[in-house]
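Residue numbers (UniProt numbering): 1 to 280. So the structure is just underneath, and the comments pick up after that.
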Amino acid sequence: MRHDVRDNIVEYVYVIVGAAVIAIGFNVFLLPNQVASGGVSGISTILHGLFGWNPGIVQYAFNVPLFIAGVLLLGKKFGIKSFIGTITLPFIVLLTNSWEPWTDNALLGALFGGIVVGLGIGLVFKGNASTGGTDLLAQIITKFTGLSLGTSVLLIDGIIAISAAVVFDLEKGLYALIGLYVTTKTIDIIQLGFSQSKMVYIITLKQDEVREAIYAEINRGITKLPAIGGYTGEARPVLMVVVYQTEFTKLKQLIKSVDPSAFVIVSDAYEVLGEGFKRA
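This is how it looks when you write it as structure tokens:
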């Protein structure tokens, strides 16, 4: 019970800190350089450029109704944490709107704004919440049109980026796309972390020799996966092993020394839990 309460508190901290980080990144990087990199913050940037409207007020005007619509149309799955994220973000935008820009270079604003905003969104996601806005709108569009969520998000953000190009200029529209791209990549890093491990699949006719060599030289467990050759129709089990990046070069050399004709597939493993790696 105490563990659940602590986890709940940590999630609320993630949501509030994440919303604060988004707001600060918006005010010191994106807004002063007119980088409208998607979402309600991008809409507020465009409306600020057109009419001088306060971005914090604009974000409240969009976020709160969208949150209510999301609850009514999609159900009560968003919860109190998402509501806190929805109201905290515009509030901190209002609190920090007098801060001086940290750069007047639009490219730097797009890059670092994308990083900071992506960091904040990633923290909010780690708190199992959202900051509302166009994410909710995308889910509503998906429910009533049948479009995929990714397509809906791309459609909304694309319209915002095009609007930025029309309202400001083409260059600002391109900066908006850069900021959006950097934001999505940063969110992935916060959610998944930097890959520190490699997952390796090995198809070899010398399974026993490869397995014994890995046990002896690297001391990593191996899983044998049943598989059938598509051409021959014969059983051809696949060896799977996970190693740290620092061990990968040695593993590759080891496989090559035992069976130079082995077929090896390598992919990143962003999180590995269990014996020999991080504990759950």
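Cβ coordinates follow ideal geometry from the N, Cα and C atoms, glycine included. None of these values were measured; they are calculated from a predicted model.
Which of helix, strand or coil DSSP assigns to Ser257:
helix
What beta strand (DSSP E) runs, 3 residues minimum, are completely inside the stretch 129 to 176?
none
Where does Leu273 fall in DSSP's three states?
strand
Taking DSSP's pairing of strands, which residues face Phe263 in a bridge?
Ile203
Same chain, Cβ closer than 7 Å to Ala227, five either side skipped, listed in chain order:
Arg236, Pro237 and Val238
Can a CB atom of chain B be found closer than 8 Å to the CB of Glu271?
In the structure shown, chain B does not exist; there is a single protein chain.
Kindly examine the ligand SAM and report whether one of its heavy atoms sits closer than 7 Å to the Cβ of Val116.
Absence of the ligand SAM from the depicted structure is noted, as is the absence of any ligand whatsoever, leaving it without description.
For Leu177 and Ile265, what's the separation of their Cα atoms in angstroms?
33 Å
Cβ shell of Ala161 (< 6 Å), same chain only, five flanking positions each side left out:
Gly173, Ala176 and Leu177
Are Leu136 and Leu66 closer than 8 Å when you measure CB to CB?
yes
Closest to Gln139 by CA distance: which of Val117, Leu155 and Leu225 is it?
Leu155
Does the stretch 109 to 121 touch the stretch 27 to 43, meaning 3 or more C-beta pairs lie closer than 8 Å?
yes
Using the rule of at least 16 other Cβ atoms within 10 Å of the residue's Cβ for burial, across every protein chain shown, is Ala280 buried or exposed?
Note that Ala280 scores 49 on pLDDT, short of 50, meaning its location in the model is unreliable; the coordinates nonetheless yield the value given after this. Exposed: under 16 other Cβ atoms inside 10 Å.
Helix, strand or coil: how does DSSP classify Ala36 here?
coil
Ends of the beta strand (DSSP E) at Thr86?
Premise fails: Thr86 lies in the alpha helix (DSSP H), Gly79 to Leu95, not in any beta strand (DSSP E).
By the three-class DSSP mapping on this structure, what secondary structure does Ala235 have?
strand
Is Asp268 helix, strand or coil by DSSP?
strand
Could you tell me the boundaries of the beta strand (DSSP E) in which Leu225 lies?
Thr223 to Leu225
To the nearest angstrom, how far is it from the Cα of Gln245 to the Cα of Glu217?
15 Å
Between Ile189 and Leu123, what straight-line distance do the alpha-carbon atoms span, to the nearest angstrom?
11 Å
Is Ser44 helix, strand or coil when you go by DSSP?
helix
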